[in-house]
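The opening position of the sequence shown corresponds to residue 4 in the numbering used here, with each subsequent residue numbered one higher.
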Amino acid sequence: MKKLLVVCFFMSLFLMGYAQNKEPYYQKYVKFPQDATLHEKVEMAARLVPTSQQYAWQQMEFTAFLHFGINTFTGREWGDGTESPSVFNPTAFDAEQWVKTLKQAGFKMAIITAKHHDGFCLWPSKYTDYTVAASPWKDGNGDVVREFRDACYKYDMKFGVYLSPWDRNASSYGDSPKYNQYFVDQLNELLTQYGEVHEVWFDGACAEGPNGKKQEYDWDRFYTTIQTLQPNAVMAIMGDDIRWVGNESGVGRETEWSATVLTPGIYSRAEENNKRLKVFAKAPDLGSRDMLRNAEELFWYPSEVDVSIRPGWFYHGHEDSEVKSLSHLMNIYYESVGMNSVLLLNIPPDTRGLIHPNDSIRLIEFAACRNKMLAKNYVKKGDKSWNAPSGGIKEYKISDHLPINVILLQEDITKGQRVERFTIEAWVDKRWQVIANGTTVGYKRMIRFPQVTTNKIRVTINHTRLNANIKNVAAYYAEPIIDQTVQTVWNTLPRNQWTSVSRGPLIIDLGKSIHMASLTYAPLNGEAKPDMAYRYDLYISNDGVKWEHLRKKGEFSNIMHNPLPQTLFFENQPTTRYIKIEATNPAGTEAKIDMNEIGVVEAE
Ligand code: FUL
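Structure representation (structure tokens):
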């Protein structure tokens, strides 16, 4: 009995994560005692740490997404599950080319869309006919996931799978227990037949709309399946290991707490908790003292910035000239890795089954630009750990007396995320001048500022929860980037000759009859609004009386998360003077489209 008690005592110490300095650590989750004061909550928050899987994931910094599937061949962003598998036919598929390119570009893991919302499986699942086995590619004997997996082994790349819970093809979708079984069966295939999986990505999108099918997902079961079959995998988005940053444009938060009050969406209490605390995935503050005040529990739930190198997630030939510029990618880098997040950059293979040269060239430039900057750290002894109290100040010598314009700070997050405010000063003209300041640091924080030439800097930790554990202070010089930017033209008509005949539905008189090559819907300022257009019917007319129904039941797929211009191309270039768009918003009621959100390109 005595022996058992001793074992139990040590076990509980272990579970609590007792560590250095006898400080108790809480791994991934902490529940506050009912009567905890704000001060006590703050101290507990300071001791919340990642699991070893979360920590390993955070250290990767660069991860890649590969959106590939039916949509690659149809030009859509969301297939509706009715597309024939016969369209899936890459002509020069080479997964090794993908992985080699990603490896050269510095990525540590790649995640493949094994199944997107259309339900088409890139592996020959035995639970559905809607797979590569029904496609002409390799006479139905191919397996994209297998070839990609093998390439990952060969080039030492970690491997992840995206499996969309929303499935527009599965007949069982909406019949909850049946579909859940189907989903678990598919998960089983992916998690047992392809070696070690490091990340499982469950998308939150489910846009069947008000009259669509309502599927109640059995998240507990999905979660247990992953934990049992792949204990080292982290579960992202609809998971509780990794959180969506809140946008698909590569923009991070100034204040990014990994120790957050946001309850992960897979918990049944999530809706109620988050409503009570007025937090949501896109909220600017997820973990400050203000947020802790009313919180009852806290999650180590770090941010992942997912963004595509092109406007769309899938490859579309007409976007070949719209691969993000080098300066745009560098901005994304500072706003993701440099803002306490992991970057998940999407590079969609083309219809040949290869990464397009425009993307691979840009990826290599991106890596070269980072490496050039990081090659020279001007701070001396910045990697000496520093246990900093609130108000703690430390000076660092700067070598070479050359200009610097980027500072990098890191906390040892294995002892919690603690810094709440910091200031950086440089010794210039015989006095200290503030060159940067900020709030959270976390795993990594990079701050850009106008260049200074100095021989010393000082870092002040103005506020911290307990003593901060500063692990690294570095300074770099980033050369200015001059991009050749290509402007995409999505309107070639003089707008001042247009008349908005009606706003609901939107009817535009273009002022003259034209041969229409394309029509673009570009949400104002690239912002998503609840009343924006999601589903639409498009009509054209030459007299404003007799209408031709040009596109039926169209969908501006994913526009709510990625509110970038979406273009409809018309091969037969119909003649029209009037355009009518009947549209509904994501909630299924009438959408509001402004005339300025529409662009028309006249055929040459
Ligand atoms: C979104 C999806 O709807 C997009 O198609 C894409 O897969 C992106 C990564 O997540 O929610």
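Using N, Cα and C, we set each Cβ at its ideal position, and we do this for glycine too.
The continuous alpha helix (DSSP H) containing I367 extends over residues P360 to L377. Within 7 Å of the C-beta of H119 there is at least one heavy atom belonging to the ligand FUL.
Around the Cβ of N575, a 10 Å sphere holds fewer than 16 other Cβ atoms; the residue is exposed. A residue is called buried when at least 16 other Cβ atoms come within 10 angstroms of its Cβ; V489 does not meet this threshold and is exposed. Straight across, the Cα-Cα distance linking S503 with A594 is about 16 Å.
Counting only runs that start and end inside the region 426-462, there is no alpha helix (DSSP H) element of at least 4 residues. Counting along the chain, the unbroken alpha helix (DSSP H) around H42 starts and ends at L41 to A49. Taking all protein chains shown into account, H201 has 16 or more neighbouring C-beta atoms within 10 Å of its C-beta and is therefore buried.
With contacts defined as CB atoms closer than 8 Å, I510 and Y581 qualify as a contacting pair. Spatial neighbours of A429 in its own chain (CB-CB distance under 7 Å, excluding positions within 5 residues in sequence) are listed in chain order as Q436, I438, V455, T457 and I460. In the three-state scheme derived from DSSP, where H, G and I count as helix and E and B as strand, A298 is classed as coil. Inter-residue distance for N499 and A208 is about 38 Å (C-alpha atoms, whole angstroms). The residue from Y524, W60 and A586 with its alpha-carbon nearest to that of Y446 is W60.
In this structure, T54 is the residue among N334, T54 and S138 with its C-alpha nearest to the C-alpha of P234.
Only exposed fits R279, as fewer than 16 other CB atoms lie within 10 angstroms of its CB. The closest heavy atom of the ligand FUL lies 7 Å or more from the beta carbon of D170. Judged by DSSP secondary structure, V187 falls within the alpha helix (DSSP H) whose first and last residues are S179 to T195. For the options A239, A154, P352 and M294, the alpha carbon positioned closest to that of G315 is the one of P352. Judged by beta-carbon spacing, N380 lies within the 8 Å limit of A478, meaning their Cβ atoms are closer than that value. Around the CB of P526, 16 or more other CB atoms lie within 10 Å, so the residue is classed as buried. A contact between stretches requires three or more CB pairs, one per stretch, nearer than 8 Å, and the region 248-267 meets this requirement with the region 290-307.
The alpha helix (DSSP H) runs lying completely inside the region 67-129 and spanning 4 residues or more are 73-77 and 98-107, given in chain order. In this structure, the alpha-carbon of H119 lies about 45 Å from that of H42. Under the Cβ criterion (8 Å, minimum of three pairs), the region 363-375 does not count as touching the region 274-289.
Under DSSP, M342 forms a beta bridge with R448. When secondary structure is reduced to three states using DSSP, R424 falls in the strand class. Within the model, the alpha-carbon separation for S179 versus G215 is close to 14 Å. A distance criterion of 7 Å places the beta-carbon of N561 in contact range of the ligand FUL, judged by its closest non-hydrogen atom.
Boundaries of the beta strand (DSSP E) around R538: R538 to S544. Between the C-alpha atoms of R468 and T131 there is a straight-line separation of about 52 Å.
Taking a cut-off of 8 Å on C-beta distances, the region 172-188 does not touch the region 95-106, as fewer than three cross pairs fall below it. In the structure shown, M333 falls within a helical segment according to DSSP collapsed to helix, strand and coil. Here DSSP, grouped into helix, strand and coil, assigns N465 to strand.
A direct Cα-Cα distance of roughly 22 Å separates P508 from W493. Put simply, of E558, P568 and I562 the residue whose alpha carbon is nearest the alpha carbon of G82 is E558. By the Cβ neighbour-count rule, V548 is exposed, with fewer than 16 other Cβ atoms within 10 Å of its own.
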